[in-house]
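When we follow my numbering, the leftmost residue of the sequence shown carries the number 578, and every step to the right adds one.
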Amino acid sequence: MLSLASGSPALSFDREPHQRMIPPAPGEEKKDWEVHQKLNALVPLERQCLPSLRPTGTGESGKSTFIKQMRIIHGGGYSEEDRKGFARLVYQNVFAAMQALIGAMNALRIPYAQPENVQNAKLVMGVNAAKVVAFPRLYVNAMASLWRDVGIKACYARRREYHLLDSALYFLSSLERIAEDCYVPTAQDVLRSRVPTTGIREYCFSMEKIILRIVDVGGQKSERRKWIHCFENIIALIYLASLSEYDQCLEENGEENRMKESLALFRTILELPWFQSVSVILFLNKTDILEEKIIDSDLATHFPSFPGPKRDAEAAKKFILDMYVDIYKNCSAIHHHSGYRASNSRCLYHHYTCATDTQNIRKVFTDVRDVVLASYFEEVNLL
Numbered sequence: 578m579l580s581l582a583s584g585s586p587a588l589s590f591d592r593e594p595h596q597r598m599i600p601p602a603p604g605e606e607k608k609d610w611e612v613h614q615k616l617n618a619l620v621p622l623e624r625q626c627l628p629s630l631r632p633t634g635t636g637e638s639g640k641s642t643f644i645k646q647m648r649i650i651h652g653g654g655y656s657e658e659d660r661k662g663f664a665r666l667v668y669q670n671v672f673a674a675m676q677a678l679i680g681a682m683n684a685l686r687i688p689y690a691q692p693e694n695v696q697n698a699k700l701v702m703g704v705n706a707a708k709v710v711a712f713p714r715l716y717v718n719a720m721a722s723l724w725r726d727v728g729i730k731a732c733y734a735r736r737r738e739y740h741l742l743d744s745a746l747y748f749l750s751s752l753e754r755i756a757e758d759c760y761v762p763t764a765q766d767v768l769r770s771r772v773p774t775t776g777i778r779e780y781c782f783s784m785e786k787i788i789l790r791i792v793d794v795g796g797q798k799s800e801r802r803k804w805i806h807c808f809e810n811i812i813a814l815i816y817l818a819s820l821s822e823y824d825q826c827l828e829e830n831g832e833e834n835r836m837k838e839s840l841a842l843f844r845t846i847l848e849l850p851w852f853q854s855v856s857v858i859l860f861l862n863k864t865d866i867l868e869e870k871i872i873d874s875d876l877a878t879h880f881p882s883f884p885g886p887k888r889d890a891e892a893a894k895k896f897i898l899d900m901y902v903d904i905y906k907n908c909s910a911i912h913h914h915s916g917y918r919a920s921n922s923r924c925l926y927h928h929y930t931c932a933t934d935t936q937n938i939r940k941v942f943t944d945v946r947d948v949v950l951a952s953y954f955e956e957v958n959l960l
């Protein structure tokens, strides 16, 4: 969610919006909930009611990475002290990635090329990745040996058959750097670190004389009940869709195609009455992963209507864009026939993005800002 307010001081905090409507999530600490309430009391009521824009999409589409980029571009970035705080998450991501590979080795019945890696795998699997706080050399050496194993490389090549962090290659190729005693995560490490978003978190950034209020929400199915109804006062919708997920299944459901789920969610959101006059900004994200993946994984295997040619990233991007455009047009026609009055300026804007590329997101967000401001000024009758 992005809200506009002129001349306000820069703010930055997390909170749970609409708290009277949304109770604490299961497992949420009581103390955290009390902090949310106190912060909410500090936010003027009129700011809570401002027109807003919310990044939306399925899990792992890049919403949280986009918000991290907003902090880098418009929120002062991450200080060295801030980045130090991400070291633990990076360690956890490394363990989670290697454990996913080891689990897939067993499931896919791929043997280790080096016999000693059977014991290395057992050592790594004995760790609770979610509780890792350090990076002992014993485990670094074990994972380095595993990562060099031909069997693990073959398993990585089949990663579409199981769930693996997009950042696995990035982090596992940087084990020695991450293992240094004086390790401080880089901005790129921060962008590529991953923890599933739960609940609703708000961040505020100052850009010139405008306050940007962006809300990060969980994209997994279990999280959507918390935000699917919170679109009141929205001025534009940002929808993030991963271009690279065409051959992957949901983490929550190993049978359901992730891109088909994203298309279905896009339709569900556009069919809501709040979007009768709202412009849609579509981010087709993870262009870098698509360009790598399309060489070995045929889009037509999962979407038979793809006309080809094979191994052509540009053709694949256009085909995927067309699927989203068709849904947008169909939903617009439904709203029209239902008697809804559409805004004269309602449009679908699309951008191909790589959320881990700061320069790419900087350029794209300049275009997004212009769209949002135009919509806002129309809303208050200034255009």
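The beta-carbon is built from N, C-alpha and C at its ideal position, and this holds for glycine as well.
Start-to-end residues for the alpha helix (DSSP H) that takes in residue i
{"i": "residue 672", "result": "664 to 684"}
{"i": "residue 641", "result": "640 to 651"}
{"i": "residue 698", "result": "693 to 702"}
{"i": "residue 732", "result": "727 to 734"}
{"i": "residue 889", "result": "That residue, residue 889, is in no alpha helix (DSSP H); it is neither H nor E in DSSP."}
{"i": "residue 748", "result": "745 to 749"}
{"i": "residue 934", "result": "Premise fails: residue 934 is in no alpha helix (DSSP H) and is neither H nor E."}
{"i": "residue 657", "result": "657 to 661"}
{"i": "residue 754", "result": "752 to 755"}
Proximity winner among the options, relative to residue i (alpha-carbon distances)
{"i": "residue 826", "options": "819, 773 and 836", "result": "836"}
{"i": "residue 682", "options": "658, 727, 757 and 647", "result": "727"}
{"i": "residue 685", "options": "734, 766, 873 and 758", "result": "734"}
{"i": "residue 679", "options": "859, 664 and 698", "result": "698"}
{"i": "residue 690", "options": "730, 927 and 662", "result": "730"}
{"i": "residue 748", "options": "740, 897 and 766", "result": "766"}
{"i": "residue 753", "options": "724, 862, 737 and 650", "result": "724"}
{"i": "residue 932", "options": "636, 634, 635 and 644", "result": "644"}
{"i": "residue 687", "options": "736, 743 and 924", "result": "736"}
{"i": "residue 860", "options": "927, 655 and 896", "result": "927"}
{"i": "residue 750", "options": "875, 768, 717 and 890", "result": "717"}
{"i": "residue 946", "options": "768, 894, 857 and 656", "result": "857"}
{"i": "residue 893", "options": "909, 872, 908 and 910", "result": "872"}
{"i": "residue 816", "options": "676, 898, 675 and 656", "result": "898"}
{"i": "residue 888", "options": "637, 875, 720 and 929", "result": "875"}
{"i": "residue 694", "options": "721, 674, 714 and 713", "result": "721"}
Per-residue DSSP class, three states only, for residue i
{"i": "residue 763", "result": "coil"}
{"i": "residue 711", "result": "coil"}
{"i": "residue 601", "result": "Residue confidence is low: residue 601 scores 38 on pLDDT, short of 50, so the model does not pin down where it sits. No coordinate-derived value is stated."}
{"i": "residue 632", "result": "strand"}
{"i": "residue 943", "result": "helix"}
{"i": "residue 816", "result": "strand"}
{"i": "residue 897", "result": "helix"}
{"i": "residue 951", "result": "helix"}
{"i": "residue 830", "result": "coil"}
{"i": "residue 777", "result": "strand"}
{"i": "residue 882", "result": "coil"}
{"i": "residue 613", "result": "With a pLDDT of 42 at residue 613, under the threshold of 50, the predicted position of this residue should be treated as unreliable, and no value is reported."}
{"i": "residue 918", "result": "Reliability fails at residue 918, whose pLDDT of 47 lies under 50, so the model's placement of it is uncertain and the value that follows must be treated cautiously. Coil."}
{"i": "residue 739", "result": "coil"}
{"i": "residue 848", "result": "coil"}
{"i": "residue 716", "result": "helix"}
{"i": "residue 637", "result": "coil"}
{"i": "residue 865", "result": "helix"}
{"i": "residue 770", "result": "coil"}
{"i": "residue 722", "result": "helix"}
{"i": "residue 687", "result": "coil"}
Burial state of residue i, where buried means 16 or more other Cβ atoms lie within 10 Å
{"i": "residue 943", "result": "exposed"}
{"i": "residue 632", "result": "buried"}
{"i": "residue 855", "result": "buried"}
{"i": "residue 634", "result": "buried"}
{"i": "residue 652", "result": "buried"}
{"i": "residue 830", "result": "exposed"}
{"i": "residue 882", "result": "exposed"}
{"i": "residue 949", "result": "buried"}
First through last residue of the beta strand (DSSP E) which encompasses residue i
{"i": "residue 858", "result": "856 to 862"}
{"i": "residue 926", "result": "925 to 929"}
Evaluate contact between the segment 934 to 943 and the segment 847 to 857, counting only Cβ atoms and requiring at least three cross-stretch pairs below 8 angstroms. no
Under 8 angstroms: do the segment 815 to 835 and the segment 860 to 876 share three or more Cβ pairs, one atom per stretch? yes
Examine the Cβ distances between the segment 698 to 718 and the segment 659 to 673 and report whether three or more of them are shorter than 8 angstroms. yes
Taking contact to mean at least 3 C-beta pairs separated by less than 8 angstroms, is the segment 836 to 845 in contact with the segment 889 to 908? With the cut-off at 8 angstroms, the segment 836 to 845 and the segment 889 to 908 touch.
Quick check: the segment 694 to 705 against the segment 761 to 772, are at least 3 beta-carbon pairs closer than 8 angstroms? no
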